[in-house]
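Working notes, structure below.
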Amino acid sequence: MIDYHPLSETAHGDEIWPLYRRMRDEAPVYYLEEFDCFFLTRFRDIWELLPHPGISVANGQTTIDLLLGQVASRGKGEALASSDPPYQTALRKAIMKRFSPTSARGLEGRTRELVRGFVDDVRERGRLDAIGDLAMRLSVRIACTIIGIPLEESDRLADDVNTFFERDAASEGTTAAGQDASARLFEYVESLVAERISSPDDGDGDLVDALLQVEIDGRKLSQEALLGTLQLAVVGGTETLPKVFAACAYRLWQHPEQRARVAADPAGLAQDAFWETLRYDMPTQMLGRTVTRELEVNGTRVRPGQKLMFLWPSANRDEREFADPDRFDVERRAPRILSFGHATHRCLGAHVAQMEGRILLEELLALDPEYEVVEDEIVRIRSEFFRGFSAMPIRFSPRN
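Positions 4 to 403 (my numbering) are the ones given, in order, by the sequence shown.
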């Protein structure tokens, strides 16, 4: 008998992998009456469902929205992450050039400059935290640059994003402090937009400017859509990249022969190592949809109003899609993974995140290709939404 529950302790750690394999083999569409929700574990099922017109994000995507019924943000409605096609398609098209491969390449110089500055800040210590000293500082600053937020606000915003995702073992979902942090983020983007409207020349083709100019079906974005989309950009642009980079640094330390290959050819392999980490250590545990028309998933009938949750980490280790999926291999070069989603709601910042991850890895290996993870000081995340690390201490001997 399979005993899976998304809020259990088992679902948080490495002990989940054998259970995911059993679910893929024996119950790939696993139903929990408590949530009236089907949990999907196979890659192909999820990949083929994501573009289906009979599923919707209007009632939310996260564990907080769909499973716990909590409202974590005021910015819902017609925001990018909570709207469906054709409206969502039009909104995405209107702003996607800020996140395009060309835009990501345009940010490379600034990204490398920032990372080298962060490395210089810790060089004399011989020790750093891959998240707090490098990746989080980078991700929030690049997010602010794209959005149009003054960089002096970046660390405060990062603190609120971190607080929003903190969990308390005594309760489920967002904490009271997390709700307060979410409110502060929303209020900040609200004030940012108000300032931009009063001083329209302050923008420089950034995301705030783009959203203020968007018209869909002859009308401007609602305030709710505008603010919700900006809040998503702050949170999404800040939070996930550091977890993937920390996992990448950890896996390469665990596999020194692979790390040596990447260090010897960073231009050829750093991007591949980051891509493999996205597959192997996807930090987001699940996102979901609400069914709007009857459909069948792998022989299981799902009715309108019922929910689907996509278990990304399981799908990214599905042996039906990946050979030897539990092996970390920087030269795997999987042609498709689910870490950025797929189709309608594919992560808008995918190109930027890959660029950031590659440069972070290149600069870490340039600092010391034989760095050492301080394993007994690692801090792991315990959350129904994220898995992975919240602190990744590293010792290094810098090369001059």
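Quick reminder that beta carbons are idealized off the backbone N, C-alpha and C, glycines included. Small disclaimer: the values here were computed from a predicted structure and weren't measured.
Checklist entry - Which same chain residues, not among the five before or five after residue 252, have their C-beta less than 8 Å away from its C-beta? => result 133, 364, 367, 374, 376, 395, 397
Item to check | Spatial neighbours of residue 303 in its chain, beta-carbon cut-off 6 Å, leaving aside the 5 residues before and after | outcome: 32
Item to check | Contacts around residue 150, its chain only, beta-carbon distance under 7 Å, and the 5 residues preceding and following it disregarded | outcome: 209, 210, 211, 233, 236, 237
Item to check | Beta-bridge pairing of residue 293 - partner residues as DSSP gives them | outcome: 59, 310
Next on the checklist: Taking DSSP's pairing of strands, which residues face residue 287 in a bridge?
Outcome noted: 389
Checklist entry - If residue 318 sits next to residue 46, beta carbons under 8 Å apart, how far is it from one beta carbon to the other, in whole angstroms? => result 4 Å
Item to check | Distance CB(residue 230)-CB(residue 198) smaller than 8 Å | outcome: no
Item to check | Distance, residue 352 Cα to residue 219 Cα | outcome: 22 Å
Checklist entry - Thinking C-beta only, is residue 177 closer than 8 Å to residue 73? => result yes
Checklist entry - Whose CA, out of 22, 57, 161, lies closest to the CA of residue 291? => result 57
Checklist entry - Considering only the beta carbon of each residue, do residue 98 and residue 214 sit closer than 8 Å? => result yes
Checklist entry - In chain order, what residues of the same chain have a beta carbon less than 6 Å from the beta carbon of residue 274, not counting five sequence neighbours either side? => result 361
Checklist entry - Is it true that the segment 16-24 meets the segment 278-287, where meeting means three or more beta-carbon pairs spaced less than 8 Å apart? => result no
Checklist entry - Taking the Cβ atom as the reference point for each residue, do residue 359 and residue 148 lie within a distance shorter than 8 Å? => result no
Checklist entry - If you pair each beta-carbon of the segment 258-278 with each one of the segment 117-128, do three or more pairs fall below 8 Å? => result no
Next on the checklist: Quick check: residue 163 and residue 187, are their CB atoms within less than 8 Å of each other?
Outcome noted: yes
Checklist entry - Rounded to whole angstroms, how far is the Cβ of residue 289 from the Cβ of residue 314, which I believe are closer than 8 Å? => result 5 Å
Item to check | Spatially closest choice to residue 10 from 399, 385, 89, by CA coordinates | outcome: 385
Checklist entry - Going straight from the alpha carbon of residue 61 to that of residue 387, what length do you get? => result 21 Å
Checklist entry - What three-state label does DSSP hand residue 222 in the structure shown? => result strand
Next on the checklist: What does the alpha-carbon distance come out to for the pair residue 108 and residue 300?
Outcome noted: 39 Å
Next on the checklist: I'd like the list of long-range same chain contacts for residue 249, defined as Cβ closer than 6 Å, with 5 residues on each side in sequence excluded.
Outcome noted: 133, 134, 392, 395
Item to check | Contact set for residue 139: own chain, Cβ-Cβ below 6 Å, skip 5 residues either direction | outcome: 161, 245
Checklist entry - Starting from residue 7 and walking both ways along the alpha helix (DSSP H), at which residues does that stretch end? => result No alpha helix (DSSP H) contains residue 7, which DSSP labels as neither H nor E.
Checklist entry - Three-state secondary structure (DSSP) at residue 265? => result helix
Checklist entry - If residue 333 and residue 270 are in contact, beta carbons under 8 Å, what's the gap, nearest whole angstrom? => result Not quite, the Cβ-Cβ distance comes to about 14 Å (not below 8 Å), so this is no contact.
Checklist entry - From this set, 322, 111, 88, which residue's C-alpha is nearest residue 357's C-alpha? => result 111
Item to check | Backbone secondary structure at residue 177 - three-state DSSP | outcome: coil
Checklist entry - In this structure, does DSSP put residue 242 in helix, strand or coil? => result helix
Checklist entry - Applying the criterion that 16 or more other CB atoms from any shown protein chain within 10 Å of the CB defines a buried residue, is residue 174 buried or exposed? => result exposed
Item to check | Start and end residues, beta strand (DSSP E) containing residue 405 | outcome: Nothing about residue 405 can be read from this structure; the chain reaches only from 4 to 403.
Item to check | 3-residue-minimum beta strand (DSSP E) runs that sit fully inside the segment 341-381, ordered along the chain | outcome: none
Checklist entry - Apart from the five residues just before and just after residue 316, which ones in its own chain have a Cβ nearer than 6 Å to its Cβ? => result 285
Item to check | Where the alpha helix (DSSP H) through residue 114 begins and ends | outcome: 111-125
Item to check | Status (buried if at least 16 other CB within 10 Å, exposed otherwise) for residue 223 | outcome: exposed
Checklist entry - Quick one, are the C-beta atoms of residue 23 and residue 320 less than 8 Å apart? => result yes
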